[in-house]
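Heads up: the structure comes next, in structure tokens.
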Ligand code: IVH
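In this note's numbering, the protein residues as written are 11 to 679.
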């Protein structure tokens with residue numbers, strides 16, 4: 011074939027394939043069979059292989075996946091990729107509308123409602139109509155260059171219908187059907203499954219080999235136009251129509267609403283219709299349509315004031331309650347935990363849920379073997395909502411709390427005014443072990459390398475019994491234990507030594523005096539300055555301190571009067587543990603106008619939008635305090651991805667729980 015004829019055929023094939031791609035992946039209206047498509051693609055690939063000089067950046071053959079990369083390059087976004095503030099109910103939506111109208115001085119504001127696609131945000135750069143670079147959101151400022159992987163997504167045009175230069179943003183996602191197929195394949199191969207379509211999409215786009223992404227059947231909805239050269243767009247709805255005309259896949263369910271009532275109706279409609287979609291949505295995004303009004307409202311550091319995300323309420327699922335397990339805590343409280351038939355709820359597999367106490371089990375009439383409704387409170391902590399009593403077969407067993415401690419067999423008691431059952435035996439091994447774990451935890455002595463597993467090991471080997479024993483440990487003893495090497499043993503000894511210099515409040519909290527949480531421990535340390543002063547303090551002297559109540563004061567006095575405690579403190583002092591307060595006097599937070607002022611906040615899980623230390627700094631700037639563990643004095647728990655036991659603690663103490671987006675929104679207020 012003559013060169014010219016070849017070039018012509020290549021162009022013909024590209025046009026045909028682009029048309030098929032568009033029909034199938036953007037319009038969702040295929041006009042040819044897969045076999046026919048594959049035939050054209052094979053022909054194109056062959057011709058390009060034979061004539062490499064004719065290969066172009068926008069050839070549909072690129073979609074099968076190009077070269078394997080070593081690393082993803084970093085990309086700084088031209089303008090930051092912001093996130094959205096959250097609304098959880100109708101009231102929040104009306105508040106948003108009110109603020110928008112006040113902030114813009116408009117009587118009536120037009121909104122565009124869109125489905126909030128549960129995938130990952132990406133930005134796409136086009137120059138003169140050609141797709142040149144695509145990146146992940148990253149931390150909003152800097153993302154990763156995943157152009158090669160994005161090119162495999164057939165709903166992303168490699169060339170636009172016009173020679174436009176622009177940046178488009180949208181959501182890459184994995185359709186539910188593809189997700190199901192992918193996990194079924196993985197299961198067959200004995201591989202780890204993806205928890206949800208969002209993780210599967212993110213995992214696919216983070217592969218250095220684009221061929222993997224190419225096989226993953228990802229798709230893409232565009233939802234924003236950020237930088238368009240040479241043209242002016244006056245409304246968001248207009249931008250979406252324009253993007254659609256350029257060849258992008260826009261979501262067909264978007265709707266322009268003229269009032270907040272219409273917005274609320276849209277939210278309700280899609281909450282009900284959510285299961286009908288072939289992709290996961292986790293809410294509705296509401297945006298001011300008029301660009302001028304958007305500009306008038308502006309943005310905070312993290313999110314625009316002209317848009318908000320309505321988050322759907324927690325998903326509820328049914329599963330079987332297989333058993334009820336008992337755990338003895340540090341203070342002797344025996345907590346029942348439901349063991350569930352593993353079930354997927356809001357993206358993760360749930361196997362256990364705390365049942366808190368016997369009263370709750372009675373109240374909800376929970377039997378072993380029952381089918382129960384499970385949800386995640388605040389979309390995070392698994393919780394048994396209720397029992398499906400109509401599904402009972404008669405085989406279910408009533409649950410009774412034991413009369414004796416499952417660990418030491420002492421009789422359990424219910425203290426006056428408490429719902430919990432307690433083991434009062436101070437030598438109960440479970441309590442001692444939990445007490446040791448508490449002593450080394452982050453808010454207490456914060457001994458690195460000494461977690462639950464190692465403590466249990468040391469305790470079982472009878473190397474430690476009281477907290478003072480921790481300071482007698484030798485490297486040789488550690489080396490004799492399983493999983494300890496030269497390096498880890500010296501590191502641990504070093505960490506133990508370092509903890510001797512902690513300020514008093516850490517020791518005080520670590521001792522685990524009943525009712526004395528991290529916050530109270532700090533207050534006491536600040537006020538009394540030395541352990542000696544505290545040991546001598548009377549109930550009256552203690553309650554004279556702001557924030558220290560009768561119950562706490564009495565508990566502290568009783569604690570220090572105990573002979574074993576006095577021995578323990580003497581021993582700790584002998585081992586060189588610091589017993590004085592080293593911190594600063596409490597800051598004056600009274601005149602700071604912020605939600606966080608004077609509050610104690612715990613951060614847990616992975617925070618995506620800012621690092622732990624940045625979050626801590628911001629809270630402190632706003633007059634709040636960040637604590638390492640949840641206690642009764644915690645005001646708020648901020649739970650990032652994959653949060654663990656602190657959530658359960660927070661729920662137990664009825665602490666308010668926020669996700670990261672909500673937290674960031676409040677920080678920026
Ligand atoms: S607009 C400036 N529209 O939701 C705000 N976001 O925090 C730009 N998302 O990670 C976002 N569907 O990726 C917008 N129709 C939609 C969306 C959407 C999903 C994601 C977005 C971001 C998060 C918002």
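No residue lacks a Cβ here, since even glycine has one placed at the ideal position from N, Cα and C.
Here the distance from the Cβ of residue 126 to the nearest heavy atom of ligand 1 is below 7 Å.
Burial of residue 162 is indicated by the presence of at least 16 other C-beta atoms within 10 angstroms of its C-beta. If you draw a 10 Å sphere on the C-beta of residue 157, you find 16 or more other C-beta atoms in it, and that means buried. When C-alpha distances from residue 123 are compared across 115, 268, 56, the shortest belongs to 268. DSSP places residue 141 in the strand class (E or B) of the three-state scheme. In the three-state reduction of the DSSP assignment, residue 153 falls in the strand class, which pools E and B. At a cut-off of 7 Å, the beta-carbon of residue 147 counts as near ligand 1: some heavy atom of the ligand is closer than that. Rounded to the nearest angstrom, the Cβ distance from residue 289 to residue 103 is 23 Å, too far for a contact under 8 Å. In the displayed model, residue 495 falls within coil according to three-state DSSP, outside both helix and strand.
In this structure residue 307 is not in contact with residue 301, their Cβ atoms being roughly 11 Å apart against a cut-off of 8 Å.
Rounded to whole angstroms, the separation of the alpha carbons of residue 28 and residue 264 is 26 Å. Between the region 508–524 and the region 445–465 there are three or more C-beta pairs closer than 8 Å, enough to call the two in contact. Shown here for residue 626: same chain residues with a beta carbon closer than 8 Å to its own, the five before and five after excluded, namely 613, 636 in chain order. By the 16-neighbour rule on beta-carbons within 10 angstroms, residue 429 is exposed. With a cut-off of 7 Å, the C-beta of residue 314 is classified as near ligand 1, since at least one heavy atom of the ligand falls inside that distance. At a threshold of 7 Å, residue 295 counts as near ligand 1, since its beta carbon sits closer than that to one of the ligand's heavy atoms. An exposed status is given to residue 101, since fewer than 16 other beta-carbon atoms sit within 10 Å of its beta-carbon.
Under the three-state reduction of DSSP output, residue 133 falls in the strand class. Taking 4 residues as the minimum length, the alpha helix (DSSP H) runs contained wholly in the region 464–526 are 485–489, 496–509, 514–520, in order along the chain.
According to the DSSP secondary-structure assignment, residue 421 is paired through a beta bridge with 414. Counting along the chain, the unbroken alpha helix (DSSP H) around residue 372 starts and ends at 368–373. Counting along the chain, no beta strand (DSSP E) covers residue 532; the unbroken alpha helix (DSSP H) around it starts and ends at 528–538. As computed with DSSP, residue 635 is found in a beta bridge with 610. Ranked by how close their Cα comes to the Cα of residue 189, the residues 179, 178, 83, 229 have 229 in first place. Cβ neighbours of residue 39 within its own chain (closer than 7 Å, five residues either side excluded): 33.
When the alpha-carbon of residue 639 is set against those of 583, 665, 73, the nearest one is in 665. Where residue 549 is concerned, there is no enclosing beta strand (DSSP E), although the alpha helix (DSSP H) around it starts and stops at 549–553. Of the candidates 175, 591, 669, 669 places its Cα closest to the Cα of residue 616. Excluding five sequence positions before and after residue 247, the CB atoms of its chain that fall closer than 6 Å to its own CB belong to 122, 266, 299, given in chain order. In this structure, ligand 1 has a non-hydrogen atom nearer than 7 Å to the beta-carbon of residue 671. Ranked by how close their Cα comes to the Cα of residue 171, the residues 538, 558, 253 have 253 in first place. With fewer than three CB-CB distances shorter than 8 Å, the region 641–656 does not count as touching the region 276–287. Judged by DSSP in its simplified three-state form, residue 101 adopts helix. For residue 289, the shortest separation between its Cβ and any heavy atom of ligand 1 does not lie below 7 Å. Secondary structure note for residue 396: its beta strand (DSSP E) is the uninterrupted segment 391–397.
In the DSSP assignment, residue 431 falls within the beta strand (DSSP E) that extends over 431–433.
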